[in-house]
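Q:
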Amino acid sequence: LVVEVAVLVVKVIVLLLAVMLELVVEVVLTVLVVLVDVFEVVVMVEELVVEVAVLVVKVIVLLLAVMLELVVEVVAVLVVPVVLVDVFEVVVMVEELVVEVAV
8 LVVEVAVLVV KVIVLLLAVM LELVVEVVLT VLVVLVDVFE VVVMVEELVV
58 EVAVLVVKVI VLLLAVMLEL VVEVVAVLVV PVVLVDVFEV VVMVEELVVE
108 VAV
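All residue numbers for the sequence shown refer to our numbering, where the first residue is 8 and numbers rise by one.
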């Protein structure tokens with residue numbers, strides 16, 4: 008009888024250990040799944056950061072292009088007429104000089 012009770016106690020202990028081991032394995036697997044999900048989220052966030060950075064660079068390039076276009080327009084409006092007036096004045100002076108030489 009004592010031997011049978013001892014065997015039953017050992018069986019109960021082995022079953023309890025098996026159940027505890029199964030619970031530990033399930034917890035570890037759950038933690039691993041959560042870690043994989045967290046890693047996937049981190050990768051998605053990194054991809055999003057890269058996309059945002061690309062968009063920011065595109066916006067900066069577009070703003071620089073617009074600023075360059077504005078500078079070109081300002082130069083065309085302010086500088087070109089001044090240069091044309093100077094060229095016209097030189098042409099008039101050359102014409103006057105030619106007239107004076109001819110007379």
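The beta-carbon is built from N, C-alpha and C at its ideal position, and this holds for glycine as well.
Flag residue 27 as yes if its beta-carbon sits less than 7 angstroms from any beta-carbon of chain C, otherwise no.
A: The structure shown contains no chain C; it holds only a single protein chain.
Q: Which two residues bound the contiguous alpha helix (DSSP H) that contains residue 55?
A: 9 to 81
Q: Alpha carbon to alpha carbon, what distance is there between residue 49 and residue 86?
A: A straight line joining the alpha-carbon of residue 86 with that of residue 49 spans about 54 angstroms.
Q: Taking DSSP as the reference, what is the three-state secondary structure of residue 110?
A: coil
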